[in-house]
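Structure first, commentary second.
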Amino acid sequence: MTIDSTARAGAAWPGLDVAPSGARAAVSAVVARRLFAAAVRRLPVTVVVVSPDGHRHVLGQGGPTMTVRRPDEFFARLGRHGLIGFGEAYMTEAWDADDLAGFLTVLAADLPTLVPSSLQQARALVVARPPRAQLSTTANSRRNIAHHYDLSNDLFATFLDETLGYSSALFDTPIREHPRQQGGHLVAIPPGGESATEPLAEAQVRKIERLLDRTDVGPGTRLLEIGTGWGELAIRAARRGAVVRSVTLSTEQLDLARARVAAAGVADRVQVELRDYRAIEERAAYDAVVSVEMIEAVGHQFWPEYFGRLDRLLAPGGRIGIQAILMPHDRMLATRRTHTWINKYIFPGGFLPSVEAIQRVTREHTTLHVAERLSFGSHYAETLRRWDDAFRASSRRVHELGFDATFQRMWHFYLEYSRAGFASGYLDVEQIILER
Numbered sequence: 001m002t003i004d005s006t007a008r009a010g011a012a013w014p015g016l017d018v019a020p021s022g023a024r025a026a027v028s029a030v031v032a033r034r035l036f037a038a039a040v041r042r043l044p045v046t047v048v049v050v051s052p053d054g055h056r057h058v059l060g061q062g063g064p065t066m067t068v069r070r071p072d073e074f075f076a077r078l079g080r081h082g083l084i085g086f087g088e089a090y091m092t093e094a095w096d097a098d099d100l101a102g103f104l105t106v107l108a109a110d111l112p113t114l115v116p117s118s119l120q121q122a123r124a125l126v127v128a129r130p131p132r133a134q135l136s137t138t139a140n141s142r143r144n145i146a147h148h149y150d151l152s153n154d155l156f157a158t159f160l161d162e163t164l165g166y167s168s169a170l171f172d173t174p175i176r177e178h179p180r181q182q183g184g185h186l187v188a189i190p191p192g193g194e195s196a197t198e199p200l201a202e203a204q205v206r207k208i209e210r211l212l213d214r215t216d217v218g219p220g221t222r223l224l225e226i227g228t229g230w231g232e233l234a235i236r237a238a239r240r241g242a243v244v245r246s247v248t249l250s251t252e253q254l255d256l257a258r259a260r261v262a263a264a265g266v267a268d269r270v271q272v273e274l275r276d277y278r279a280i281e282e283r284a285a286y287d288a289v290v291s292v293e294m295i296e297a298v299g300h301q302f303w304p305e306y307f308g309r310l311d312r313l314l315a316p317g318g319r320i321g322i323q324a325i326l327m328p329h330d331r332m333l334a335t336r337r338t339h340t341w342i343n344k345y346i347f348p349g350g351f352l353p354s355v356e357a358i359q360r361v362t363r364e365h366t367t368l369h370v371a372e373r374l375s376f377g378s379h380y381a382e383t384l385r386r387w388d389d390a391f392r393a394s395s396r397r398v399h400e401l402g403f404d405a406t407f408q409r410m411w412h413f414y415l416e417y418s419r420a421g422f423a424s425g426y427l428d429v430e431q432i433i434l435e436r
């Protein structure tokens with residue numbers, strides 16, 4: 001499904017109109033009900049199941065509460081479509097939670113064991129595979145990116161700060177650095193105290209400036225940015241005196257980024273293009289290459305090509321800085337052939353790497369190696385909290401832009417679902433510096 005003008009106008013959402021039915025769905029629902037009840041009993045949550053006659057059956061041990069309003073639909077969707085069905089049941093209001101992020105965080109913390117290990121061995125037989133049309137080939141990538149980033153610049157403006165930063169901020173929090181001989185892993189302490197009140201825009205700028213610092217961007221630097229966003233990094237690099245080439249596959253972002261570059265008075269030093277990274281052919285042309293949360297759209301099949309391209313583009317003595325959302329290596333291996341709710345509704349073709357995967361691909365396919373890492377996943381949880389608060393506060397404006405109630409519920413679930421991943425530690429985000 002593509003989120004386009006029909007969804008904005010309130011048209012029916014394909015696949016959500018009718019819950020799964022038939023003999024297979026009925027059997028799946030029974031199994032899902034039993035597995036769900038067994039999982040809830042192990043977790044610090046409360047689940048209230050409201051039957052059609054109004055009877056309330058309570059499961060769990062206390063903690064964040066989930067209310068299942070239409071249990072037949074909920075278990076039919078969960079049984080037939082797994083976590084995709086779980087998210088779809090939220091979109092249709094078959095279930096709800098007063099503290100959605102809190103409830104999802106508990107689930108995310110225990111995600112690998114929610115389904116018994118004996119049944120996980122049959123995962124490949126029951127989970128949906130990613131559609132070939134979403135594979136991040138040169139032919140498909142423009143459409144995948146448009147599905148999300150070309151929704152509307154005005155939509156993103158309802159919840160992003162004035163920098164239009166759409167990646168994790170880095171809050172003003174002490175950072176403990178581990179020696180390079182211990183892996184070069186920089187670990188950020190979770191946000192707290194003063195950082196909890198720091199303006200988001202300041203934290204977004206800190207993220208950008210740190211990446212530019214670590215890649216030695218300054219006067220005369222030839223900088224390539226893969227994934228423009230709305231142009232803030234390119235503008236700040238140009239103000240340092242760099243000459244910037246930035247590429248994107250989003251037409252909406254392209255137009256606004258160019259306008260913001262011109263308004264900032266740096267159009268003579270910044271070139272923004274609609275171009276796939278695979279179409280950049282120069283060799284050793286750039287002193288620095290940066291890419292903020294773009295690798296998630298590359299697809300694991302294309303990681304060797306992606307890093308190989310970066311390797312060829314980098315001039316001698318140059319550095320590469322990427323900011324990447326990461327997942328544990330074992331979960332990455334277990335889910336790399338799984339079609340997820342996020343893939344179906346938010347980021348088609350997206351897939352998160354692990355640190356181990358990045359290290360292995362660069363070792364086997366490039367002359368690059370990981371020189372430094374900064375981990376700040378808890379900062380992403382805080383970033384997402386602020387985005388979701390702003391999005392919900394802008395509900396009327398979002399409606400005026402043409403996005404219906406189902407879309408708004410989907411987007412709220414996406415932001416809180418993501419927040420739970422970082423709050424639980426299941427996901428992380430890192431700035432990773434590569435050099436030869």
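Just so we're aligned, residue 1 is where the sequence shown starts under our numbering, counting upward by one. Ideal Cβ placement from N, Cα and C applies to all residues, glycine included.
- Beyond the five residues adjoining it in sequence on each side, R312 comes within less than 7 Å, by CB distance, of R283 in the same chain, given in chain order.
- Here the C-alpha atom of D213 lies approximately 13 Å from the C-alpha atom of I432.
- In the displayed model, A315 falls within a strand according to three-state DSSP.
- Within the same chain, Cβ atoms closer than 7 Å to the Cβ of D98 are found at T65, the five residues on either side in sequence being excluded.
- In this structure, the CA atom of L374 is about 5 Å from the CA atom of E430.
- DSSP places L374 inside the beta strand (DSSP E), whose first and last residues are H369 to S375.
- Rounded to the nearest whole angstrom, the CA to CA distance from H300 to F351 is 7 Å.
- Taken through DSSP and simplified to helix, strand or coil, Y149 comes out as helix.
- The C-alpha of V292 lies about 23 Å from the C-alpha of E364.
- Counting of Cβ neighbours within 10 angstroms places Q134 among the buried residues, the total reaching 16 or more.
- For I432, the enclosing beta strand (DSSP E) begins and ends at D428 to E435.
- Within the region 190-243, the runs of alpha helix (DSSP H) that reach at least 4 residues and sit entirely inside it are, in chain order, 200-214 and 232-239.
- Of the candidates E356, I322 and F347, the residue whose Cα lies closest to the Cα of S168 is I322.
- Rounded to the nearest whole angstrom, the C-alpha separation of F302 and S136 is 8 Å.
- Fully enclosed beta strand (DSSP E) runs of no fewer than 3 residues occupy 369-375 of the region 339-426, in order along the chain.
- A371 is positioned such that its CB atom lies closer than 8 Å to that of L434.
- Between the C-alpha atoms of G241 and Y345 there is a straight-line separation of about 40 Å.
- Setting aside the 5 residues that flank it on each side, V48 is surrounded in the same chain by R56, V58 and T67, each with a C-beta closer than 6 Å to its C-beta; the list follows chain order.
- Each of F307, R42 and R77 was checked against the Cα of D17, and the nearest Cα belongs to R77.
- Assigned with DSSP and collapsed to three states, S291 falls in strand.
- A residue is called buried once 16 or more other Cβ atoms fall within 10 Å of its Cβ, and V266 is buried on that count.
- For the 8 Å CB-CB criterion, V398 and L155 form a contact.
- Of all alpha-carbon atoms in S418, R436, I280 and F413, the one lying nearest the alpha-carbon of G87 is that of F413.
- Judged by DSSP secondary structure, T46 falls within the beta strand (DSSP E) whose first and last residues are T46 to V50.
- Between I84 and A297, the gap from beta carbon to beta carbon reaches 8 Å or more.
- DSSP, reduced to helix, strand and coil, places Y90 within a helical segment of the structure shown.
- If the five residues before and after S418 are omitted, its C-beta is found closer than 6 Å to the C-beta atoms of L384, all from its own chain and listed in chain order.
- In the three-state reduction of the DSSP assignment, E305 falls in the helix class.
- One Cα belongs to A26, the other to H81, and the distance between them is close to 12 Å.
- Contact between P71 and N343 does not hold, since the beta-carbon distance rounds to 27 Å and is not under 8 Å.
- Exclusion of the five residues before and after R392 leaves H412 as the residues of its chain whose Cβ lies within less than 7 Å of its Cβ.
- Residue nearest to S424 within the set H369, F403 and P328 is P328 (criterion: CA-CA distance).
- With fewer than 16 other Cβ atoms from the protein chains shown falling within 10 Å of its own Cβ, Q61 counts as exposed.
- T215 and V30 have their C-alpha atoms roughly 55 Å apart.
- Bridge pairing for V261: absent [DSSP].
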